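Numbering (the numbering used here), first residue to last: 1123 to 1344. In this text, a Cβ means the ideal position worked out from N, Cα and C, and glycines have one as well. Keep in mind it's a predicted model, so treat the numbers as computed, not measured. Here is the structure we will look at.
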Amino acid sequence: NVRNAEEFRRHVEIYRNQINYAYWEVRCDAEQTDDALLARSNLFEANKSLDVGDLDAALKKYDVAWAAWDKLFGRYPTMMLDESADEVMAAIKRYQRLQDTPEMPSNFVLKNFLEFRRRYDSEGQSPYLMEVLNQWSQKADRGSFFDQHPANAVPPAPESTPVAPADPPAQPQAPAASSTVTQPDAGQPPSPKKAVDAAPAETAAPKVASPDEGTPPIPKSK
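Given below as structure tokens:
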């Protein structure tokens, strides 16, 4: 059933994103490589030698560790964003103090990694950047990430075409007041006028005949 298969695929994709599966898959592959073992063991030994004051041994171990980390970061660039990269950054600061130099030399092995972190820390994480790094780490025939993105190792996000804002809807206009009386449409009877009740006319009182002056009234016969 195609519908059920599509629904299953969608749920799998949601769960993969929730646990960041792509990153952990790459991380597991990276940690099993010889470069990862060489990078971690020599960085540990270098820090340990520096703690006991063996500066020459520390410098040698650091140089081996930097070369191994450069290969590891180039092949698995997502590791430049996790706690492993934070440990490397802290070790570089110790190495810099050991060398008594304010800036690392231009030929420093991890110069691309430093530039990447500088830009990443200033611009912040973006979904586009994570997608690029994950896709690169999953290529079967990939070389070093820095070969394609030297120095400016953070690939810029593609520019999106700006969308012009839509014009606001026109506000309805209030009808203008008119002083003329609207005539009824043709064919429509006019509205009947309300009849005004007229005040009742005063009824004249009946006029009583009065006898002529000086003549007595004639009596009526029974």
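| Check | Outcome |
| --- | --- |
| Residues of its chain near glutamate 1209, where Cβ-Cβ distance is below 8 Å and the 5 sequence neighbours each way are ignored | Leu1165 |
| Residue closest to threonine 1155, alpha-carbon to alpha-carbon, out of Glu1205, Leu1194, Arg1132 and Arg1125 | Leu1194 |
| Coarse secondary structure for phenylalanine 1230, derived from DSSP in three states | coil |
| Contact check, threonine 1200 vs valine 1148, beta carbons under 7 Å | yes |
| Status (buried if at least 16 other CB within 10 Å, exposed otherwise) for leucine 1255 | buried |
| Contacts around lysine 1183, its chain only, beta-carbon distance under 7 Å, and the 5 residues preceding and following it disregarded | Asn1164, Glu1167, Ala1168 and Ser1171 |
| For threonine 1200, the three-state DSSP class (helix, strand or coil) | helix |
| Aspartate 1222 - DSSP class collapsed to helix/strand/coil | coil |
| Short CB-CB distance (under 7 Å) between glutamate 1167 and chain D | The structure shown contains no chain D, having only a single protein chain. |
| Closest by C-alpha distance to leucine 1232, when choosing among Lys1215, Cys1150 and Lys1261 | Lys1215 |
| Helix, strand or coil at valine 1174 according to DSSP, with G and I counted as helix | coil |
| Beta-carbon contacts of aspartate 1157 that lie in its chain and below 7 Å, excluding the five residues immediately before and after | Ala1190, Lys1193 and Leu1194 |
| Cutoff 8 Å; reference arginine 1264; Cβ partners in own chain excluding five residues on either side | Arg1197 and Trp1258 |
| Proximal residues to glutamate 1324 (C-beta, below 6 Å), its chain only, five neighbours per side dropped | No answer about glutamate 1324 holds up, because its pLDDT of 49 lies below 50 and its placement is not dependable. |
| Residue of Asn1229, Trp1188 and Asn1142 minimising C-alpha distance to alanine 1212 | Trp1188 |
| Beta-carbon separation (whole angstroms), phenylalanine 1238 vs methionine 1202, contact threshold 8 Å | 6 Å |
| Delimiting residues of the alpha helix (DSSP H) encompassing isoleucine 1136 | 1124-1140 |
| Boundaries (first-last residue) of the alpha helix (DSSP H) holding arginine 1264 | Per DSSP, arginine 1264 belongs to no alpha helix (DSSP H) and is neither H nor E. |
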